[in-house]
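Number of protein chains: 2
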Amino acid sequence: MANIHDVAKLAGVSIASVSRMLAGENVRSAEAIRRAIKDLGYRPNASARGLRLGKHHSIAVIVPDISNPYFAALVRGIEERAMTQGFRIIVASSDEQFSAESELLGNLIDAVDAVAIVPAEEGDRTRRMLADLNKPVVLIDRTVGDEPGFDLVHVDNASGAKAAADYLLSLGHQSFGIISGRQDTVPGRVRHRVFLKTLADAGIHVPAEAIKIGEFSRDFGRRAAQELIDNPTGMTALFVGNNTMAQGALLSLHAAGVSIPGQLSFLCFDDFDLAELLQAPVTVISRPAIAEGHAAADLLLQRIEQIGSPTQLPLEHKVLPVSLTIRQSCSAPASD
Amino acid sequence: MANIHDVAKLAGVSIASVSRMLAGENVRSAEAIRRAIKDLGYRPNASARGLRLGKHHSIAVIVPDISNPYFAALVRGIEERAMTQGFRIIVASSDEQFSAESELLGNLIDAVDAVAIVPAEEGDRTRRMLADLNKPVVLIDRTVGDEPGFDLVHVDNASGAKAAADYLLSLGHQSFGIISGRQDTVPGRVRHRVFLKTLADAGIHVPAEAIKIGEFSRDFGRRAAQELIDNPTGMTALFVGNNTMAQGALLSLHAAGVSIPGQLSFLCFDDFDLAELLQAPVTVISRPAIAEGHAAADLLLQRIEQIGSPTQLPLEHKVLPVSLTIRQSCSAPASD
DNA sequence: ATCCCAACTGAAAACGTTTACAGTAGTCGA
DNA sequence: TCGACTACTGTAAACGTTTTCAGTTGGGAT
Chain H
962 MANIHDVAKL AGVSIASVSR MLAGENVRSA EAIRRAIKDL GYRPNASARG LRLGKHHSIA
1022 VIVPDISNPY FAALVRGIEE RAMTQGFRII VASSDEQFSA ESELLGNLID AVDAVAIVPA
1082 EEGDRTRRML ADLNKPVVLI DRTVGDEPGF DLVHVDNASG AKAAADYLLS LGHQSFGIIS
1142 GRQDTVPGRV RHRVFLKTLA DAGIHVPAEA IKIGEFSRDF GRRAAQELID NPTGMTALFV
1202 GNNTMAQGAL LSLHAAGVSI PGQLSFLCFD DFDLAELLQA PVTVISRPAI AEGHAAADLL
1262 LQRIEQIGSP TQLPLEHKVL PVSLTIRQSC SAPASD
Chain F
962 MANIHDVAKL AGVSIASVSR MLAGENVRSA EAIRRAIKDL GYRPNASARG LRLGKHHSIA
1022 VIVPDISNPY FAALVRGIEE RAMTQGFRII VASSDEQFSA ESELLGNLID AVDAVAIVPA
1082 EEGDRTRRML ADLNKPVVLI DRTVGDEPGF DLVHVDNASG AKAAADYLLS LGHQSFGIIS
1142 GRQDTVPGRV RHRVFLKTLA DAGIHVPAEA IKIGEFSRDF GRRAAQELID NPTGMTALFV
1202 GNNTMAQGAL LSLHAAGVSI PGQLSFLCFD DFDLAELLQA PVTVISRPAI AEGHAAADLL
1262 LQRIEQIGSP TQLPLEHKVL PVSLTIRQSC SAPASD
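Protein sequences, first through last, are from chains H and F. Read left to right, the first sequence gives residues 962 to 1297 (this note's numbering). Read left to right, the second sequence gives residues 962 to 1297 (this note's numbering).
Here's what the structure looks like:
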């Protein structure tokens, strides 16, 4: 691979001139240099440049699982914005494991300028680990510790959960089932609590046996729904905390022959592919994954720009709106 | 950020000893060095290392669109394997555009050791562009030019298409509709031709007006199905060339109230999330996206290992099997 | 003709590593 | 006690850039 010395020699100038012309400065022999570059197929070495400049023009993106469509869309959003500024993204999946996450970051951190992360755990050790990186960090969807100290992007879980509860109440439901994600994550906790709180404000109590809490996974959704089917609670409406659990739940409900919305109204957080094609197109609280990616990337790029500057911008906390997409999986409860 | 000199000074040794101990060699003052590293929070600078070694420990992964679940799964597969060897992956989406692809690679190539790509175009200019990179390349799913000269991983499109046709024939269908992807891609072309050929061998001709060819997109699928609905051809079975087009087609069919499989048997290439939950769970030819990723990564890692060695292993061409997953979207044609 | 200044140029240092090379201890056998 | 060998150590060069600094050139004003 040709290097800058080869180009300089061929063009009959010093390497400084080549570097300068590449940087866009005025140089007398620009034409000769351009030709030499072309002839040799020269491209500047990224490592050398990174070493000299202390910049890498890349952003690490850590998500629990890149093959999850929601995270894939998020990554796409980050990528779109990063590209416009000439940044590349290095993607890795943590599998919801703190250990994997911290090992990944240990390896990646020296090759990137900033980190966008959906943290696996919200505990304080994650906060410390991220703080130790000494680089701009933006948290997406979840937070870490009390006082995270990082920029933050997430959707408005509270008003989504409230909208869901209000909608079901307005249809006349009195008896509910709930499948919620891990309570040690913000989306899991907020969606769960606000939903319950909204019902409570309407004077409705949800019995413990109608509440299932576990992993944000399709598998847990399937098991939870199965348990609800096996031990009937008389619920007429089921609220599920995210799309993957919802898919699992639908699998169980379908297998058990539960008719939706005839026997059970079904509503979940997060839209998903084809929700509109199911036997009963599913009503959802949808969120803008790509826009979340955009917001996260914008924040990071701003911080990167700022590096070294004396005044630091205050931390930002962007909350994106969600919306209730009404399809056909909810109706008034059967009068019995 | 502390560097190796700081560590050496604190430990009272030369930088060479630090470097050696990091490389796992025996060093007398290992303990002191370890402590110094810990105290200073030292981590080797990746750029310097990359510069010195000419290695980057990263692989560029270029897919048409990372937010497409199939590609997301593929990326996941590549990532899983790469990680085990300490390689990171740099992901970028080409949007099916050659220009975007070549620009991306131009920027990325100096920061990576190898490239895994689902090329946007199969033409010769893509082949030349990739060859000019002078790094290991593995093509996934599609090829470039005649004689690509790169490792290749894809699924067995031909036997999948044949299985699909045979299955529909065995159900008694005589009149078909086809929605196929771009014919300038291997999956588009092979699936289309083999399906037609299998029908032809059974003495069945598909009229031109029952054949729609276009982008591998949900939108094209929707439009194509709409056209087939608007201009009835008497087809009793519809074969769709991939999952995104299939989803679009299902949207149109559903909106038009076409009952599946009552009025129309439906079969497509590539499984998708929830295919089993639709009104008529969809029968598909499914393929192993994650395994494709594994195969691609393995090939690349092998080549990277080989760099500089005099003898080159011959190019590999891995073909992964597909399977017919029979659900409920196909039945015998209505007798009329 | 002289001087000054703007506009450019090149040499060299620096970024943080790895590694070839040339030592220098320390151990062991004689 | 000596020498030979082993096992480690440090110095310095190299990787390919960018950038500072100290020129050099040429043109315009005097």
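All C-beta atoms in this analysis are idealised placements derived from N, C-alpha and C, irrespective of residue type, glycine included.
- Legend: CB atoms of the stretch 1206 to 1234 of chain H lying less than 8 Å from CB atoms of chain F belong to residues Q1208, L1211, L1212, H1215, F1233, D1234.
- The secondary-structure analysis by DSSP pairs F:D1112 across a beta bridge with F:V1099.
- Rounded to whole angstroms, the separation of the alpha carbons of H:P1025 and H:P1080 is 8 Å.
- Listed in chain order, the non-local C-beta contacts of F:V1052 below 7 Å within the same chain comprise V1022, I1027, V1036, local neighbours out to five positions each way being set aside.
- Using a Cβ-Cβ cut-off of 7 Å, F:R1088 is close to nothing in chain H; its nearest Cβ partner there is about 16 Å away.
- The alpha helix (DSSP H) runs of length 4 or more contained entirely in the stretch 994 to 1059 of chain F are, from start to end of the chain, 1007 to 1014, 1030 to 1045.
- At the C-beta level, F:N1204 and F:G1142 stay beyond 8 Å of one another.
- Taken atom to atom, the span from the alpha-carbon of H:S1247 to that of H:Q1135 is near 24 Å.
- Within chain F, no residue has its beta carbon less than 9 Å from that of H:E986; the closest one is some 21 Å off.
- Residue burial is scored here from C-beta neighbours: H:I1140 has at least 16 other C-beta atoms within 10 angstroms and is therefore classed as buried.
- Within the DSSP secondary-structure output, H:H1278 pairs in a beta bridge with H:L1113.
- Judged by beta-carbon spacing, H:Q1289 lies beyond the 8 Å limit of H:P1249, meaning their Cβ atoms are not closer than that value.
- By the CB criterion at 8 Å, F:L1094 and H:L1211 fall outside the cutoff.
- Counted as a single uninterrupted DSSP element, the beta strand (DSSP E) harbouring H:L1228 occupies residues 1226 to 1230.
- Under the Cβ criterion (8 Å, minimum of three pairs), the stretch 977 to 993 of chain F does not count as touching the stretch 1029 to 1046 of chain F.
- H:F1181: member of the alpha helix (DSSP H) spanning 1179 to 1191, first to last residue.
- Here F:I965 carries a helix assignment [DSSP, helix/strand/coil].
- In the pairwise beta carbon analysis, the stretch 1107 to 1115 of chain F is classified as not touching the stretch 1166 to 1185 of chain F: fewer than three pairs are separated by under 8 Å.
- Proximity of the stretch 1113 to 1121 of chain H to the stretch 1279 to 1286 of chain H meets the contact definition, three or more beta-carbon pairs being nearer than 8 Å.
- For the pair F:G1182 and F:A1216, the CB atoms are not nearer than the 8 Å cut-off.
- Listed along chain F, no residue sits closer than 7 Å to H:A1256 by beta-carbon distance, the nearest being about 16 Å off.
- Contact annotation: F:V1155 and F:A1198 have beta-carbon atoms that are not nearer than 8 Å.
- Along the stretch 1031 to 1049 of chain F, the positions whose C-beta sits under 9 Å from a C-beta of chain H are F1032, A1033, A1034, L1035, V1036, R1037, G1038, E1040, E1041, M1044, G1047, R1049, read in chain order.
- Residues of the same chain with a CB within less than 7 Å of the CB of H:A1257, apart from the 5 flanking positions on each side, are I1039, A1077, V1099, I1101, V1114 in chain order.
- In the displayed model, H:F1233 falls within coil according to three-state DSSP, outside both helix and strand.
- In the DSSP secondary-structure assignment, F:F1137 is bridged to F:A1198.
- CA-to-CA, the gap between H:E1057 and H:T1146 works out to about 11 Å.
- With contacts defined as CB atoms closer than 8 Å, H:A972 and H:G1002 fail to qualify as a contacting pair.
- Below the 7 Å Cβ cutoff, chain F contributes R1037, E1040 as neighbours of H:S1054, in chain order.
- With contacts defined by Cβ atoms closer than 8 Å, H:A1163 and F:P1030 do not form a contacting pair.
- Assigned with DSSP and collapsed to three states, H:L1129 falls in helix.
- Ranked by Cα distance from F:S1284, the first of F:D1232, F:P1294, F:A1293 is F:D1232.
- Chain F places a beta carbon closer than 8 Å to that of H:G1002, counting this residue as a contact.
- Per DSSP, the beta-bridge partners of F:S1284 are F:S1247.
- F:G1106 has its alpha-carbon roughly 29 Å from the corresponding atom of H:R996.
- Among the residues facing chain F, H:N1192 is not included, as its CB has no counterpart in that chain under 8 Å away.
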